[in-house]
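Please read the structure below before turning to the comments.
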Amino acid sequence: MKLTCMVIVAVLFLTANTFVTAVPHSSNALENLYLKAHHEMNNPKDSELNKRCYDGGTGCDSGNQCCSGWCIFVCL
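If you count by mature numbering (1 follows the signal peptide of the UniProt record, and there is no 0), then the sequence shown holds residues -22 to -1, 1 to 54, one letter each, in order.
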């Protein structure tokens, strides 16, 4: 019985600790997340989810065009 209670308390403590340390240090992080999501809904072409990248072997100008992030005249 004592062991079960200790395990429950430990799990609750670790869960609370994870939530506290996982939150960004900015006090308005949720507000920024909401504004970004709202902007992406209003401007779907600007959404990061809609960005296209080139597969390997396709010609490229810079690494940010390639899905792999590596560009030496062609995507690697």
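Here a beta-carbon is modelled for each residue, glycine too, at the ideal position from N, C-alpha and C. Just so you know, these numbers come straight off a predicted model, no measurement behind them.
Contact check, residue 31 vs residue 49, beta carbons under 7 Å:
No Cβ-Cβ contact shorter than 7 Å links residue 31 with residue 49.
What's the gap between the Cα of residue -14 and the Cα of residue -22?
Using only the alpha carbons, I get a separation of about 12 Å.
Which residues in the same chain as residue 46 place their Cβ atom closer than 8 Å to its Cβ, once the five residues preceding and following it in sequence are excluded?
Around residue 46, the same chain offers 34, 53 and 54 as residues with beta carbons nearer than 8 Å, after the five sequence neighbours per side are excluded.
Alpha carbon of residue -7 to alpha carbon of residue -17, nearest angstrom
Spanning the two alpha carbons is a distance of roughly 15 Å.
What separation, rounded to the nearest whole angstrom, lies between the Cα atoms of residue 43 and residue -19?
Each residue's CA atom was taken as its position, placing residue 43 and residue -19 some 54 Å apart.
Measure the C-alpha to C-alpha separation of residue 36 and residue 51 and round it to an integer number of angstroms.
When rounded, the separation of the alpha-carbon atoms in residue 36 and residue 51 is 8 Å.
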